[in-house]
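Undergrad: Heads up: the sequence shown begins at 80 in the numbering used here, then just goes up one per residue. Idealized CB from N, CA, C, for every residue including glycine. Sharing a structure here in structure tokens format.
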Amino acid sequence: MALESARNLDWVLFDKTGTLTRGEHGVTDVWAAKGYKTDDILHLTASLEQNSEHIVGKGIVKKAQDDHVQLDRVEEFTALPGLGVRGKLHGKDMFTAASYRYITENNLIVPSEIEQYSKQSAKEGKTEVYLINEGNEVIGAIALADIIRDESKQTILALKSLGIKTAMITGDSKDVADYVAKQLGLDQYFAEVHPQNKAAKVKELQANGEKVAMVGDGINDAPALTQADIGIAIGAGTDVAIKSADIILVKSDPKDVVKIIQLSKATYRKMTQNLAWATGYNVLAIPLAAGVAYSAGILLAPALGAVLMSLSTVVVAINAQLLRKTTL
80 MALESARNLD WVLFDKTGTL TRGEHGVTDV WAAKGYKTDD ILHLTASLEQ
130 NSEHIVGKGI VKKAQDDHVQ LDRVEEFTAL PGLGVRGKLH GKDMFTAASY
180 RYITENNLIV PSEIEQYSKQ SAKEGKTEVY LINEGNEVIG AIALADIIRD
230 ESKQTILALK SLGIKTAMIT GDSKDVADYV AKQLGLDQYF AEVHPQNKAA
280 KVKELQANGE KVAMVGDGIN DAPALTQADI GIAIGAGTDV AIKSADIILV
330 KSDPKDVVKI IQLSKATYRK MTQNLAWATG YNVLAIPLAA GVAYSAGILL
380 APALGAVLMS LSTVVVAINA QLLRKTTL
């Protein structure tokens with residue numbers, strides 16, 4: 080059913096991280112507030128993130144490992160869904176590593192020596208992780224860049240050529256989302272979306288009766304994949320996302336979304352061709368076999384009718400097999 084309905088899609092909604100982008104965040108900048116060093120910020124943030132499963136956290140930990148930074152053990156580790164992580168270091172000090180949305184939601188102040196750089200990095204499509212101490216003071220920040228897949232650009236162009244609108248959903252800031260959307264030429268984007276609100280954004284696109292496909296790879300994408308008319312999971316994604324999807328991209332290549340639609344249209348064409356042939360045969364052959372034209376000296380012998388019936392089946396089967404030669 081998912082494959083058949085793919086030909087009628089109006090929107091394809093992509094999750095950003097790990098789908099349109101490679102999901103390989105690398106640290107580009109480290110900033111420290113007065114009284115702290117950049118080495119301290121990287122050390123503390125990486126120590127917090129070592130228990131995180133998010134790719135942003137993994138990027139920070141990798142940077143620390145590459146710089147041979149010794150990480151501290153984290154106690155009372157807590158994941159803040161869609162925001163960041165929190166934990167106790169040195170057995171006493173509680174720290175939080177979180178996104179800019181956490182800063183705004185908690186009305187925290189970013190020191191001017193950090194803010195002047197972070198604003199520019201956000202415009203460049205980078206993701207910032209802010210380090211906050213127990214007194215709710217922002218003491219540092221780390222910027223990371225997520226590389227846009229070359230395949231994503233090709234995918235968006237191909238979907239546009241098919242007349243399908245494209246959108247992106249992300250928990251990142253509007254500046255980051257706007258940068259990526261402009262790079263890819265997307266029709267719409269949803270930024271700073273909480274994980275539990277992703278399904279609601281799918282409903283917004285479906286509001287006018289339009290058909291929506293959702294493409295994602297993470298645990299947080301599962302409700303949106305289920306809500307969409309067609310849920311498409313990246314093969315390298317989480318088990319939850321894969322189990323929630325209707326179609327799985329085994330190669331984890333976004334270009335295969337286009338192939339799904341092309342295959343759907345090609346399959347439907349074969350269905351209509353075979354239906355037309357079968358209907359045409361029955362409309363003509365059955366009346367002749369029943370003697371409708373007997374007065375004109377035309378009568379289809381039963382044996383010949385049986386042969387033509389078998390031939391009709393063979394023609395339909397061969398036409399269906401020609402689908403294998405379709406180039407996607």
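Assuming the contact rule is C-beta atoms closer than 8 Å, Val-255 and Thr-175 should be a hit. Round their C-beta distance to whole Å, please.
TA: To locate residue 255, count along the sequence shown from 1; it is residue 176. To locate residue 175, count along the sequence shown from 1; it is residue 96. Actually they do not touch by this definition, with Cβ atoms about 20 Å apart.
Undergrad: Could you tell me the distance, in whole angstroms, from the CA atom of Leu-99 to the CA atom of Asp-229?
TA: Your numbering for residue 99 matches position 20 in the sequence shown. Your numbering for residue 229 matches position 150 in the sequence shown. Cα-Cα distance, rounded: 9 Å.
Undergrad: Taking the C-alpha atoms as reference points, what is the distance between Ile-311 and Lys-280?
TA: For the purposes of this step, residue 311 is taken as the residue at position 232 of the sequence shown. For the purposes of this step, residue 280 is taken as the residue at position 201 of the sequence shown. Approximately 16 Å, taken between the alpha carbons.
Undergrad: Run the CB neighbour count on Gly-250, radius 10 Å, all protein chains shown included, and call it buried at 16 or more, exposed below.
TA: Here the question's residue 250 lines up with position 171 in the sequence shown. With 16 or more Cβ atoms within 10 Å of its Cβ, Gly-250 is classed as buried.
Undergrad: Identify, in the order they occur along the chain, each residue of the same chain with its Cβ nearer than 7 Å to the Cβ of Gly-370, setting aside the five sequence neighbours on each side.
TA: On the sequence shown, position 291 is the one that residue 370 refers to. These residues qualify, in order along the chain: Leu-378.
Undergrad: Got a sec? Which residues, its chain only, sit under 7 Å from Val-135 by beta carbon, not counting five neighbours each side?
TA: Here residue 135 refers to the residue found at position 56 when the sequence shown is read from its first residue. Counting only Cβ-Cβ distances below 7 Å, and skipping sequence neighbours, we find His-104, Thr-206, Val-208, Leu-223.
Undergrad: Going by the beta-carbon positions, is the gap between Leu-407 and Gln-306 smaller than 8 Å?
TA: Against the sequence shown, residue 407 aligns to sequence position 328. Against the sequence shown, residue 306 aligns to sequence position 227. Taking 8 Å as the Cβ cut-off, Leu-407 and Gln-306 do not qualify as a contacting pair.
Undergrad: Considering Val-208, what are the terminal residues of the beta strand (DSSP E) in which it resides?
TA: For this step, residue 208 is matched to residue 129 along the sequence shown. First-last of the beta strand (DSSP E) with Val-208: 206-211.
Undergrad: If you run the structure through DSSP and keep just helix, strand and coil, what is Lys-239?
TA: Within the sequence shown, residue 239 is the residue found at index 160, counting from 1. Correct three-state label for Lys-239: helix.
Undergrad: For Ala-140, does the three-state DSSP call read helix, strand or coil?
TA: To locate residue 140, count along the sequence shown from 1; it is residue 61. In the sequence as displayed, the identity of residue 140 is Val instead of Ala. Correct three-state label for Val-140: helix.
Undergrad: From Trp-90 to Arg-348, what does the alpha carbon distance come to, in whole angstroms?
TA: Mapped onto the sequence shown, residue 90 falls at position 11. Mapped onto the sequence shown, residue 348 falls at position 269. Each residue's alpha carbon lies about 22 Å from the other.
Undergrad: If you check the beta carbons only, do Ser-131 and Ala-158 fall under 8 Å apart?
TA: As a first step, residue 131 is located in the sequence shown; it is residue number 52 there, counting from the start. As a first step, residue 158 is located in the sequence shown; it is residue number 79 there, counting from the start. Against a cut-off of 8 Å, the Cβ pair of Ala-158 and Ser-131 comes out as a contact.
Undergrad: Which whole-angstrom value is the C-beta distance of Lys-334 and Tyr-258, which I expect to be below 8 Å?
TA: The residue labelled residue 334 in the question sits at position 255 within the sequence shown. The residue labelled residue 258 in the question sits at position 179 within the sequence shown. About 22 Å separates the two Cβ atoms, so there is no contact after all.
Undergrad: Answer yes if the stretch 113-121 comes into contact with the stretch 314-321, meaning at least three C-beta pairs across the two stretches below 8 Å, and no otherwise.
TA: With the cut-off at 8 Å, the stretch 314-321 and the stretch 113-121 do not touch.
Undergrad: Beta-carbon separation of Ala-246 and Asp-225 under 8 Å?
TA: One-based indexing of the sequence shown puts residue 246 at position 167. One-based indexing of the sequence shown puts residue 225 at position 146. Contact: no.
Undergrad: Quick check: the Cα distance between Gly-97 and Leu-328, rounded to an integer number of angstroms?
TA: On the sequence shown, position 18 is the one that residue 97 refers to. On the sequence shown, position 249 is the one that residue 328 refers to. When rounded, the distance between both Cα atoms is 13 Å.
Undergrad: Do you know how far the Cα of Ala-303 is from the Cα of Ala-278?
TA: For the purposes of this step, residue 278 is identified with residue 199 of the sequence shown, where counting begins at 1. For the purposes of this step, residue 303 is identified with residue 224 of the sequence shown, where counting begins at 1. When rounded, the distance between both Cα atoms is 4 Å.
Undergrad: Buried or exposed, going by whether 16 or more other CB atoms sit within 10 Å of the CB of Asn-287?
TA: Translated into positions along the sequence shown, residue 287 becomes position 208. Asn-287 should be labelled exposed.
Undergrad: Name the two residues that bound the continuous alpha helix (DSSP H) containing Ala-368.
TA: As a first step, residue 368 must be located in the sequence shown, where it is residue number 289. Start and end: 334-369.
Undergrad: Looking only at its chain, what residues have a beta carbon closer than 7 Å to the beta carbon of Leu-150, apart from the 5 residues adjacent to it on each side?
TA: The residue you call residue 150 lines up with position 71 of the sequence shown. Closer than 7 Å at the Cβ level, and outside the excluded window around Leu-150, lie Ala-125, Ser-126, Gln-129, Ala-143.
Undergrad: Tell me whether Ala-307 sits in a helix, a strand or coil according to DSSP, three-state version.
TA: As a working note, residue 307 is residue 228 in the sequence shown. Looking at Ala-307 - three-state DSSP - the assignment turns out to be coil, as it is neither helix nor strand.
Undergrad: Pull up the distance between the alpha-carbon of His-273 and that of Glu-194, whole angstroms please.
TA: Here residue 273 corresponds to residue number 194 of the sequence shown, with the count starting at 1. Here residue 194 corresponds to residue number 115 of the sequence shown, with the count starting at 1. Whole-angstrom Cα-Cα distance: 24 Å.
Undergrad: In or out: Met-350 buried (at least 16 other Cβ within 10 Å) or exposed?
TA: Residue numbering aside, residue 350 sits at position 271 when the sequence shown is read from its first letter. So Met-350 ends up on the exposed side.
Undergrad: Cα-Cα, which of Val-109, Ala-270, Ile-321, Ile-248 is closest to Glu-192?
TA: Position 113 of the sequence shown, counted from the start, is the residue given in the question as residue 192. Ranking Val-109, Ala-270, Ile-321, Ile-248 by Cα distance to Glu-192 puts Val-109 first.
Undergrad: What number of angstroms, rounded off, separates the C-alpha of Gly-170 from the C-alpha of Val-189?
TA: In the sequence shown, the residue the question calls residue 170 occupies position 91. In the sequence shown, the residue the question calls residue 189 occupies position 110. If you take the alpha carbons of Gly-170 and Val-189, they lie about 26 Å apart.
Undergrad: Considering only the alpha carbon of each residue, which of Gln-352, Asp-332, Trp-356 lies closest to Ile-227?
TA: Position 148 of the sequence shown, counted from the start, is the residue given in the question as residue 227. If we check each option's Cα against that of Ile-227, Asp-332 comes out closest.
Undergrad: Taking its Cβ as the centre, do 16 or more other Cβ atoms sit within 10 Å of Met-293, making it buried, or is it exposed?
TA: Residue 293 sits at position 214 when you count from the first residue of the sequence shown. Per the 10 Å Cβ criterion, buried.
Undergrad: Identify which residue in Lys-261, Leu-187, Ser-200 has its Cα closest to the Cα of Gly-214.
TA: Locating residue 214 in the sequence shown gives position 135, where the first residue counts as 1. Checking every option, the nearest Cα to that of Gly-214 belongs to Leu-187.
Undergrad: Can you tell me which of the three DSSP states Thr-414 falls into?
TA: Nothing can be reported for residue 414, as the shown portion of the chain is limited to 80 through 407.
Undergrad: As an exercise, report each continuous alpha helix (DSSP H) stretch of at least 4 residues that is fully enclosed by the stretch 257-321, in chain order.
TA: With a minimum length of 4 residues, the continuous alpha helix (DSSP H) runs that stay inside the stretch 257-321 are 277-285, 301-306.
Undergrad: Pull up the CB-CB distance for Leu-88 and Ile-243, whole angstroms please, since I reckon it's below 8 Å.
TA: In the sequence shown, counting from the first residue as 1, residue 88 sits at position 9. In the sequence shown, counting from the first residue as 1, residue 243 sits at position 164. Sure, about 6 Å apart at Cβ, within 8 Å.
Undergrad: If we call anything under 8 Å between Cβ atoms a contact, is Asn-212 one with Ile-221?
TA: Stepping through the sequence shown from its first residue, residue 212 is reached at position 133. Stepping through the sequence shown from its first residue, residue 221 is reached at position 142. It is not a contact, given that the beta carbons lie outside the stated cut-off.
Undergrad: Closer than 7 Å by C-beta to Lys-344: which residues in its own chain qualify, once you throw out the five before and the five after it? Chain order, please.
TA: As a first step, residue 344 must be located in the sequence shown, where it is residue number 265. Within the same chain, Lys-344 has close Cβ partners Arg-86.
Undergrad: Are the C-beta atoms of Ile-193 and some chain C residue less than 8 Å apart?
TA: This model lacks chain C altogether; it includes just one protein chain.
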